[in-house]
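K.L.:
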């Protein structure tokens, strides 16, 4: 029983509230300090994490709403350790960049940004289904205001679409979760939404089918996966860069994380039942995302569609129901998040050099006077396209290996996505950095603030490429455990452990 | 003399009856005092006395609060159990809020202060009698005492056509509803041979009355229809938007929260207590009504620009959610309904209070455009409205989320899982209009600088005083802020409400 996780979760919110009462101009520093403190705390947590231990660590378990069986239950294990770290790591640079921009109603902006971090951390740490859903939906509120209040272009329509799409999914998930909790309660038993309890109890298989489907709907919208990605183009166009980086890096992971944390362990029969469907959705997303990423003119949308493809890979890895696949998926969740943030921050820099234009048509030639920018962008691009030597490469290979075990054809089709990724990323790099200097482009080096935000992330990407085992050995045990039950049902043969 | 000797006066437990007596007494005092001509008496003393009456009633209610299965008083006519007392707390709270919102309103001035507030108290007394009804006659008396003052109150802004129209429309439709209800009650009496709820239940439990008795079935159907008019359950909801829009906004607030709570109180008692054993007769029909109401209410709200109409349609949708708690016919369902009624009061009062504040100063009245950029010009009103909207839509960390969670929980538990999903689908539809209000307040165009005090003195829609701007009506802002704060508080720490709901549930302990 510890309080550490609660401190991590609510620290950002506290700084946001403090910022709201401070005089104008100070809120940004309060919130930034909060994100840094959270990062420091999570680094200590990471160092202290016992990768050999079974089960959850730093558990917090209190009664919250006993009448409804909702507990305030938090914990960290291999599955969510790096998601928490990812959240803490990405929030700092994004807040930093935002702090040096001018905002209308600044205190409100930073309050929402802080609340968003609290909600996201809550999603990743919650070990009670109802608590998970509460944070999952709460996440939407700050992003709704951040996009609608401080976005560009047709922002109100974009944010409304974003929220309605996501809430359609998550409200249906709410109904499914309540049904799960009530139906799993044995006669005379106390209703409980604690995941540990739900894993012990069982729901009839027929019921599991529709419950899993409703959960999947919510997670697929959030990810987003084809065909539930309708909110993506408008939202990605209208959101301001620091917010968008977070949206893409962290929020998308909440969905796929839900599969590993909730759906697979609690409802193995149901997950196994839909395995084929989910794999097809994943493969479609890979192909669809990659092809569209290739044909976009707006750089933001290239990254947006590439994210759809990446999330497709992650989902594929999870539903291959193989140890390797799942490990690759968990690793890839971290990698994608780490790559997307610098990618979007660099896009922000590029757009600033080109009079706000993000159209590939009008860009070009930026590398001449900005070697550092080009170098950073090159590293990030290579990581995105999963160049051998990068952590993404290892992640994708693990996913594909896992898929090849039992679903060879799907694996083969998915591999096309890897090839397409290199095509669209290299296209973006060339069109922005090389070629002729665009008409309105001013080739200027990356500024100090953005450099300070991007460089550490790039360093982390490089470090993970060199030493991927740092992550894999900490996540392995929990990941294998998460898919164990569903895997046993799918009849896959047991296999020898991963790359070590 | 000999005739009188035969009549036995019923034994009355005056202690339990005291809140009703306080209300009726207060009603008489207020109307008498209101006859005095002094401005001070009319403007201050009359509302003050009304508030004191309500506070006394609240005090008495707390005094006689006693969880458990209470024996009905007055020869089994009225049950002052926790269901009655718990819901009457909501009526008193709604009454107090209405007084605060009315202080600067036009309606009481036009109608005569004494009459306005006395009618308000009379209506509340009717509500208490209605939800406490333990026989069919008391039920009917309650519903009439509740309704007749409201017909008048709706029309109190005599110079406004809409207000008159609202009152007349409510009168006509309400009378149709009452007539239907009366017919239904008569048929139930004919089938069961008794007016008493417990005797009807006993008849159903014994051999003398079969659940497929045609007289009983028709009676249930007509009663359901009559009460559905009052609770604005679709397809008997058409009057709601017009009446809500036309009535003075403080009265709309009162109708939206208190009348609804009263109608659901009697639905719970009648169907849970008297007709509990005939659940198979009414539950499927009521479930279909609930689902229809959810869809119609939410779809109807989408196209609205007038906030009062929007909230009217939203209240129809909320009636659908609440009905789910009645349908399942379990103790959990009762608790969930009562819980949601309390939450519903908070969210709606917060929203209506902001509407009152805005329509007094804005040239757009209660149109959506009078809320544009409110986040910048007047955050103290924008925040309560935002919280109310998010809570109505069921966002977490608000009481609305817990309330919906509880209702879905009760539906699934009562084997009406599909109704739980209908609630969720309704919430999805509702996002379209709730979020539009939020977007108007926070995401309007920045270029338009809205000063916090409008420069022009436009003809206020229902305000009266020259200083009727937001700063000069602190009580309205206070109502909004307190209710919004409570919405958040109960969203994070709902235990007190759960405890109260559980106490209320003990009143219908025969339910599973």
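Protein chains in written order, with our numbering: chain B, 1 to 500; chain Z, 501 to 1012.
In this text, a Cβ means the ideal position worked out from N, Cα and C, and glycines have one as well.
For the 8 Å Cβ check, are there 3 or more pairs between the stretch 761-768 of chain Z and the stretch 868-881 of chain Z?
P.N.:
Contact between the stretch 761-768 of chain Z and the stretch 868-881 of chain Z is absent, because fewer than three Cβ pairs lie under 8 Å.
K.L.:
Is any heavy atom of the ligand NAD found at a distance shorter than 7 Å from the C-beta of residue 838(Z)?
P.N.:
As far as ligands go, the structure on display features none, and thus does not contain the ligand NAD.
K.L.:
Using a Cβ cut-off of 7 Å, pull out every chain Z residue sitting near residue 137(B), in sequence order please.
P.N.:
Per Cβ cutoff of 7 Å: 895, 896.
K.L.:
Verify the CB distance criterion: does residue 950(Z) have a CB-CB separation below 8 Å to chain B?
P.N.:
Caution applies to residue 950(Z), whose pLDDT of 41 falls short of 50 and renders its modelled position unreliable; the model cannot decide the point.
K.L.:
Give the straight-line distance between the Cα atoms of residue 905(Z) and residue 121(B), rounded to the nearest whole angstrom.
P.N.:
Going from the Cα of residue 905(Z) to the Cα of residue 121(B) covers about 22 Å.
K.L.:
How long is the line joining the alpha carbons of residue 89(B) and residue 47(B), rounded to whole angstroms?
P.N.:
About 15 Å.
K.L.:
Taking any Cβ of chain Z, which residues in the stretch 82-106 of chain B have a Cβ under 9 Å from it, in chain order?
P.N.:
Answer set for the stretch 82-106 of chain B: 104, 105.
K.L.:
Suppose contacts are defined by Cβ-Cβ distances below 8 Å. Is residue 657(Z) in contact with residue 610(Z) by that definition?
P.N.:
Closer than 8 Å, so yes.
K.L.:
In chain order, what residues of the same chain lie with their CB nearer than 8 Å to the CB of residue 374(B), ignoring the 5 residues before and after it?
P.N.:
366, 367, 433, listed in sequence order.
K.L.:
I'd like to confirm the pairing. Which residues does DSSP put opposite residue 71(B) in its beta bridges?
P.N.:
Residue 71(B) pairs with 63(B).
K.L.:
Just the C-alpha distance for residue 451(B) and residue 823(Z), rounded to the nearest angstrom, thanks.
P.N.:
When rounded, the distance between both Cα atoms is 58 Å.
K.L.:
To the nearest angstrom, how far is it from the Cα of residue 638(Z) to the Cα of residue 696(Z)?
P.N.:
Each residue's alpha carbon lies about 10 Å from the other.
K.L.:
Whether or not the stretch 102-120 of chain B and the stretch 2-21 of chain B are in contact is what I'm after, with contact meaning three or more pairs of Cβ atoms, one per stretch, closer than 8 Å; do they touch?
P.N.:
Touching, yes.
K.L.:
Please report the straight-line C-alpha distance between residue 415(B) and residue 400(B), rounded to a whole angstrom.
P.N.:
Cα to Cα, residue 415(B) sits roughly 7 Å from residue 400(B).
K.L.:
Entirely within the stretch 589-670 of chain Z and at least 3 residues each: give me those beta strand (DSSP E) ranges in chain order.
P.N.:
Whole beta strand (DSSP E) segments, 3+ residues: zero.
K.L.:
Is residue 436(B) close to chain Z, meaning its C-beta is less than 8 Å from at least one C-beta of that chain?
P.N.:
False, the Cβ-Cβ gap to chain Z never drops below 8 Å.
K.L.:
So with Cβ pairs under 8 Å, would you call residue 927(Z) a contact of chain B?
P.N.:
Chain B contact via Cβ: present.
K.L.:
If contact means a Cβ-Cβ distance below 7 Å, which residues of the stretch 14-31 of chain B contact chain Z?
P.N.:
Residues: none.
K.L.:
Which residue spans inside the stretch 325-374 of chain B form an unbroken beta strand (DSSP E) run of at least 3?
P.N.:
Listed in chain order, there is nothing to give.
K.L.:
With distance defined between alpha-carbon atoms, name the residue in 864(Z), 570(Z), 507(Z), 550(Z) nearest to residue 516(Z).
P.N.:
Checked all of 864(Z), 570(Z), 507(Z), 550(Z); the closest Cα to residue 516(Z) is 570(Z).
K.L.:
For residue 980(Z), which residues of its own chain have a beta-carbon under 6 Å away from its beta-carbon, when the five flanking residues on both sides are left out?
P.N.:
Answer for residue 980(Z): 850, 853, 854, 884, listed in chain order.
K.L.:
Nearest by alpha-carbon distance to residue 480(B): which of 236(B), 402(B), 251(B) is it?
P.N.:
Checking every option, the nearest Cα to that of residue 480(B) belongs to 402(B).
K.L.:
Rounded to whole angstroms, what is the Cα-Cα separation between residue 839(Z) and residue 903(Z)?
P.N.:
Spanning the two alpha carbons is a distance of roughly 6 Å.
K.L.:
Give the secondary structure of residue 698(Z) by DSSP, where H, G and I count as helix, E and B as strand, and everything else as coil.
P.N.:
Three-state result, residue 698(Z): helix.
K.L.:
Which residues in chain B have a C-beta closer than 7 Å to the C-beta of residue 939(Z)? List them in chain order.
P.N.:
Per Cβ cutoff of 7 Å: 148, 156, 160.
K.L.:
Closest by CA to residue 391(B), which one among 376(B), 445(B), 378(B), 470(B)?
P.N.:
The candidate whose alpha carbon is nearest that of residue 391(B) is 470(B).
K.L.:
Comparing C-alpha positions only, which one of 921(Z), 819(Z), 842(Z), 912(Z) sits nearest to residue 828(Z)?
P.N.:
Looking at the Cα atoms, 912(Z) is the closest of the given residues.
K.L.:
Give every residue of the same chain whose Cβ lies closer than 6 Å to the Cβ of residue 427(B), excluding the five residues on either side of it in the sequence, and list them in chain order.
P.N.:
Excluding sequence neighbours, residue 427(B) sits near nothing in its chain.
K.L.:
Could you tell me how far apart the beta carbons of residue 225(B) and residue 285(B) are, in whole angstroms, since I believe they sit closer than 8 Å?
P.N.:
Right, their Cβ atoms sit about 4 Å apart.
K.L.:
For residue 780(Z), which residues in the same chain have their Cβ closer than 8 Å to its Cβ, ignoring the five residues on either side in sequence?
P.N.:
Answer for residue 780(Z): 711, listed in chain order.
K.L.:
Residues of chain Z with CB closer than 7 Å to the CB of residue 145(B), please, in chain order.
P.N.:
Those within 7 Å of residue 145(B) in chain Z are 942.
K.L.:
At what residues does the alpha helix (DSSP H) containing residue 6(B) begin and finish?
P.N.:
Here the alpha helix (DSSP H) through residue 6(B) covers 4-21.
K.L.:
DSSP state of residue 76(B), grouped into three classes?
P.N.:
Residue state, collapsed to three classes: strand.
K.L.:
Going by the CB atoms, is the gap between residue 745(Z) and residue 809(Z) shorter than 8 Å?
P.N.:
Yes, these two residues count as a Cβ contact at 8 Å.
K.L.:
Would you say residue 65(B) reaches chain Z, if we count a Cβ-Cβ gap shorter than 8 Å as a contact?
P.N.:
So yes, residue 65(B) belongs to the interface.
K.L.:
Given a cut-off of 8 Å on the beta-carbon distance, is the pair residue 489(B) and residue 208(B) in contact?
P.N.:
Not in contact: residue 489(B) and residue 208(B) (Cβ atoms no closer than 8 Å).
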